[in-house]
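Participant: Using the UniProt record's numbering, the first residue of the sequence shown is number 1, and each one after it goes up by one. Positions of the beta carbon are idealized from the N, C-alpha and C atoms, including for glycine.
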Amino acid sequence: MPVETKTKIHEDSKKLVYQDSDVKKAMDLIRDHGYVTRADFNQMDDEDWAEGFNKKISDAFLKVDGEDPYIYFEQFDFKGGDIDSIIFDMDQVGTRDHALQLLAEAIHQKAY
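Okay, structure coming up:
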């Protein structure tokens, strides 16, 4: 069942929709390799959507007994001016620099 959220970042206030199946898939990917990017979810091209998705993932992990990952949302600049998002488990990834490298590899970009 989709969950709708409104963001107040834009004056026109768009609706952001998150599928429960996407949240579950993201949790599985984070458990498996520590992060998700737009390579996994095209909607992460939208910063507002990605930030909201981070909250949905974090909230879902809080409901699971015995799991307490440190879920973190970060955006990085790449050569050529692109900005992309990554949602990752800091406990698995370790550092923001490592998250940048993982994101660069996942989306085939060159990091600064």
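1. Taking 8 angstroms as the threshold (C-beta atoms), are M90 and I57 in contact?
2. Assuming K46 is part of the beta strand (DSSP E), what are its boundary residues?
3. What separation, rounded to the nearest whole angstrom, lies between the Cα atoms of G34 and V93?
4. Take K79 and list the residues in its own chain whose beta-carbon comes closer than 8 angstroms to its own, dropping the five residues that flank it on each side.
5. Report the residue ranges of all beta strand (DSSP E) runs contained in full by the segment 77 to 105; include only those spanning at least 3 residues, in chain order.
6. Measuring only the C-alpha atoms, how far is E74 from I86?
7. Cα-Cα, which of V64, T95, D20 and A50 is closest to D84?
Facilitator: On the basis of the data shown:
1. Here residue 57 refers to the residue found at position 57 when the sequence shown is read from its first residue. Here residue 90 refers to the residue found at position 90 when the sequence shown is read from its first residue. Against a cut-off of 8 angstroms, the Cβ pair of M90 and I57 comes out as no contact.
2. Here residue 46 refers to the residue found at position 46 when the sequence shown is read from its first residue. Reading the sequence as shown, one finds Asp at residue 46 and not Lys. D46 -> no beta strand (DSSP E), and no H or E assigned at all.
3. Against the sequence shown, residue 34 aligns to sequence position 34. Against the sequence shown, residue 93 aligns to sequence position 93. Between G34 and V93, the C-alpha separation is close to 6 angstroms.
4. As a working mapping, residue 79 is identified with position 79 in the sequence shown. Cβ within range, chain order: Q109, K110, A111 and Y112.
5. 83 to 89
6. In the sequence shown, counting from the first residue as 1, residue 74 sits at position 74. In the sequence shown, counting from the first residue as 1, residue 86 sits at position 86. E74 and I86: Cα-Cα distance of roughly 6 angstroms.
7. The residue you call residue 84 lines up with position 84 of the sequence shown. Nearest C-alpha to D84: A50.
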